[in-house]
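Residues 1486 to 1781 (this note's numbering) are what the sequence shown spells out, left to right.
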Amino acid sequence: MSRSTDPSTDQLKQAMDKSMNLVRSEMGDAEFRRFSDLIQTELGIKMPPSKKVLLQSRFQKRLRALGMSGYKEYCDYVFSDAGREQERMHLIDVVTTNTTHFFREPKHWDIMNNIVLPELWSRGVGRSSALRIWSAGCSSGEEPYTLGMVLHEWGVGRQGFDFSILATDISQKILAEAKRAVYSMDKVEDVPMQYKKKYMLKSKDKQLVKMDAILRNKVSFQQLNFMEDFRLQNSQNIIFCRNVVIYFDRSTQEVLFNKFCNNLQPGGYLFIGHSESLSGMTLPIRQVAPTVFQRL
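This is the structure:
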């Protein structure tokens, strides 16, 4: 007498076998070169051979989600007409790094409060018209909302002070997260208590917080690819682009920072990350503090 087989058990076993095959599979050199060229061309991110294993591991979940048997099949799909329309945005999400937190690089906020904002205010910026600030590479929103808290607090007692924040990123997925403005309690540990009380609303179970509408209404989000020939609708008074260009080669960095300068008003300020350097680049700026520059 033969033993009956549960179809669901067979399906589960097949799925597990397929998953294990994907884990053991490796990306071919030809596929890696195609992916590497695409990523550098469209995202500006360097992808040397030493990054092959990293790229391979990041693509694993896309192969699983699409039910594909290996990297060649995925590569062919990405470069197909259908893949260009439907998969490129998912590829961007898994390739780009979104590491950030509130009040990152504390010295920058001291410089903002004690040097940059007083100087701009003395010239009427934020008074006759709203101070415009751009968070370039905003990730999940911690930087633009930090800027919102700092600017809103600075404006207390300064009649007529107004500002607007533009926050951009290449990833639609991370922008959607930033727009939600909801964060777990561990994500807001670095936020001063007085700011938490004033600008963050706790969920009923006190496990999540949501940024108050007073800040959310000051931030507009927009998708932007730095590799495109972009021009913002309005030139900015301050640009924050921190720890974003470290993944680009030096020549791409210089091209990108010139684009930033073209979107920065004369006398405006550019903030970069402490791991980044503009040394040797030909840019219309002068240094006013470590990693802080003013447009000439």
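C-beta: ideal position from N, C-alpha, C; glycine also.
Length of the line joining the Cα atoms of residue i and residue j
i: Leu1709; j: Asp1654; result: 6 Å
i: Ser1764; j: Arg1771; result: 11 Å
i: Ser1688; j: Phe1588; result: 22 Å
i: Ile1524; j: Arg1543; result: 13 Å
i: Gln1718; j: Gly1642; result: 30 Å
i: Thr1767; j: Val1740; result: 10 Å
i: Ser1625; j: Ser1613; result: 31 Å
i: Ile1724; j: Gly1758; result: 12 Å
i: Val1777; j: Asp1578; result: 29 Å
i: Asn1722; j: Gln1541; result: 41 Å
i: Gly1568; j: Leu1528; result: 17 Å
i: Pro1769; j: Gly1753; result: 11 Å
i: Leu1755; j: Val1694; result: 30 Å
i: His1586; j: Cys1623; result: 10 Å
i: Ser1620; j: Cys1726; result: 6 Å
i: Ser1521; j: Arg1716; result: 27 Å
i: Phe1745; j: Lys1531; result: 20 Å
i: Leu1616; j: Ile1699; result: 16 Å
i: Pro1751; j: Lys1672; result: 36 Å
i: Lys1850; j: Gln1545; result: As displayed, the chain neither begins before 1486 nor continues past 1781, which places residue 1850 out of reach and without an answer.
i: Val1635; j: Arg1547; result: 39 Å
i: Gln1571; j: Tyr1562; result: 10 Å
i: Ser1720; j: Leu1749; result: 5 Å
i: Val1730; j: Glu1761; result: 8 Å
i: Ile1596; j: Asn1743; result: 23 Å
Exposed unless 16 or more other CB atoms sit within 10 angstroms - verdict on residue i
i: Asn1747; result: exposed
i: Val1508; result: The predicted position of Val1508 is uncertain, since its pLDDT is 45 and thus under 50; a value taken from the coordinates is nonetheless stated next. Label assigned to Val1508: exposed.
i: Pro1534; result: exposed
i: Ala1550; result: exposed
i: Leu1539; result: exposed
i: Gln1644; result: exposed
i: Lys1537; result: buried
For residue i: DSSP bridge partner residues
i: Ile1723; result: Ile1618 and Tyr1754
i: Lys1687; result: Val1694
i: Leu1749; result: Gln1721
i: Met1770; result: Checking the sequence shown, residue 1770 turns out to be Ile, not Met. Its beta-bridge partners are Arg1780.
i: Ser1669; result: Leu1693
i: Ser1705; result: Leu1651
CB contact check: residue i to chain D, cutoff 8 Å
i: Met1696; result: Among the protein chains of the structure shown there is no chain D, as only one such chain exists.
**Item:** Cβ contact (3+ pairs, closer than 8 Å) linking the region 1671 to 1687 and the region 1727 to 1744
**Value:** no
**Message:** Please give the ranges of any alpha helix (DSSP H) in the region 1544 to 1590, keeping only runs that are unbroken, at least 4 residues long and fully inside the region.
**Reply:** 1556 to 1563, 1566 to 1571 and 1573 to 1580
**Prompt:** If you scan the region 1597 to 1655 from start to end, which runs of the beta strand (DSSP E) of 3 or more residues do you find wholly inside it?
**Reply:** 1616 to 1621 and 1648 to 1654
**Asked** Okay, do the region 1656 to 1665 and the region 1692 to 1712 touch, 3+ Cβ pairs below 8 Å being the bar?
**Response** yes
**Prompt:** With contact counted as at least three CB pairs below 8 Å, one residue from each stretch, are the region 1645 to 1653 and the region 1625 to 1636 in contact?
**Reply:** yes
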